[in-house]
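Visitor:
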Amino acid sequence: MEDYVLQMNHITKLFPGVKALDDVTFDVRRGEVHALVGENGAGKSTLMKVLSGEYTDYSGELILNGEKVSFKGIKESEAAGIAIIHQELGLIQTLTVCENIFWEMRSARAVSSTGITNMTGQRNCSTS
Ligand SMILES: Nc1ncnc2c1ncn2[C@@H]1O[C@H](COP(=O)(O)OP(=O)(O)OP(=O)(O)O)[C@@H](O)[C@H]1O
Ligand SMILES: [Mg+2]
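In the working numbering, the protein residues as written are 1 to 128.
Below, the structure written as structure tokens:
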């Protein structure tokens, strides 16, 4: 049996007057890295917002690590291990890619003038 981390099956998402996603199926096996490529308006961001629970009004199913999931918001998807960096939002230029990903998971009092301390993501981003 294939070891799928993520299966997005027959995802359709409508906006008023626009079918942003039309029966999209997207699978990720463990250890794979994918680039989702498409022209402006192709639906890349919408697909990621479906995955992260930002949109709940879609049809189709999400299966994460073999279990059907239906996130009601990004807090739920984050708790399940989904992290999204949206292109439209500013990144913190002084942090690494990994630290930006885990930035939202930081604890309160995480920021000092010398950088980030006591950050949950620090452990995850450590290279040592
Ligand atoms: N909040 C929204 N309300 C209405 N229509 C939307 C909304 N968000 C996206 N759309 C439409 O859905 C379609 C897919 O948009 P989406 O932003 O997912 O594309 P994209 O592939 O991420 O594009 P880009 O490369 O420009 O980031 C487009 O036709 C877009 O105009
Ligand atoms: Mg986009």
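C-beta: ideal position from N, C-alpha, C; glycine also.
1. What is the rounded straight-line gap between the Cα of H34 and the Cα of L6?
2. Which class does I11 belong to by DSSP, given the choice of helix, strand or coil?
3. With DSSP as the reference, identify every bridge partner of V24, one or two as the case may be.
4. Let me check one thing: in DSSP terms, what residues is K19 bridge-paired to?
5. Confirm the yes/no value for this check: CB of K44, any heavy atom of ligand 2, distance under 7 Å.
6. So the candidates are H10, E2, K49 and L14; which of them puts its Cα closest to the Cα of E32?
7. In this structure, does DSSP put L51 in helix, strand or coil?
8. Just to confirm, is the Cβ distance from K49 to L36 under 8 Å?
9. Can you check DSSP and say which residues form a bridge with E189?
Guide: Working from what's here:
1. Indexing the sequence shown from 1 puts residue 34 at position 34. Indexing the sequence shown from 1 puts residue 6 at position 6. When rounded, the distance between both Cα atoms is 12 Å.
2. Position 11 of the sequence shown, counted from the start, is the residue given in the question as residue 11. For I11, the three-state secondary structure derived from DSSP is strand.
3. Walking along the sequence shown from the start, residue 24 turns up at place 24. According to DSSP, V24 bridges with I11.
4. If you number the sequence shown from 1, residue 19 lands on position 19. For K19, which the question treats as bridged, DSSP gives the partners L14.
5. On the sequence shown, residue 44 is found 44 positions in, with the first residue counted as 1. Relative to the non-hydrogen atoms of ligand 2, the Cβ of K44 comes within a distance shorter than 7 Å of at least one.
6. Your numbering for residue 32 matches position 32 in the sequence shown. Minimum Cα distance to E32 is reached at E2.
7. Taking the sequence shown and counting its residues from 1, the one referred to as residue 51 is at position 51. The answer is helix: DSSP assigns L51 an H, G or I state.
8. What you label residue 49 is simply residue 49 of the sequence shown in a count that begins at 1. What you label residue 36 is simply residue 36 of the sequence shown in a count that begins at 1. Against a cut-off of 8 Å, the Cβ pair of L36 and K49 comes out as no contact.
9. Residue 189 lies beyond the residue range present for the chain, which begins at 1 and ends at 128; the question has no answer from this structure.
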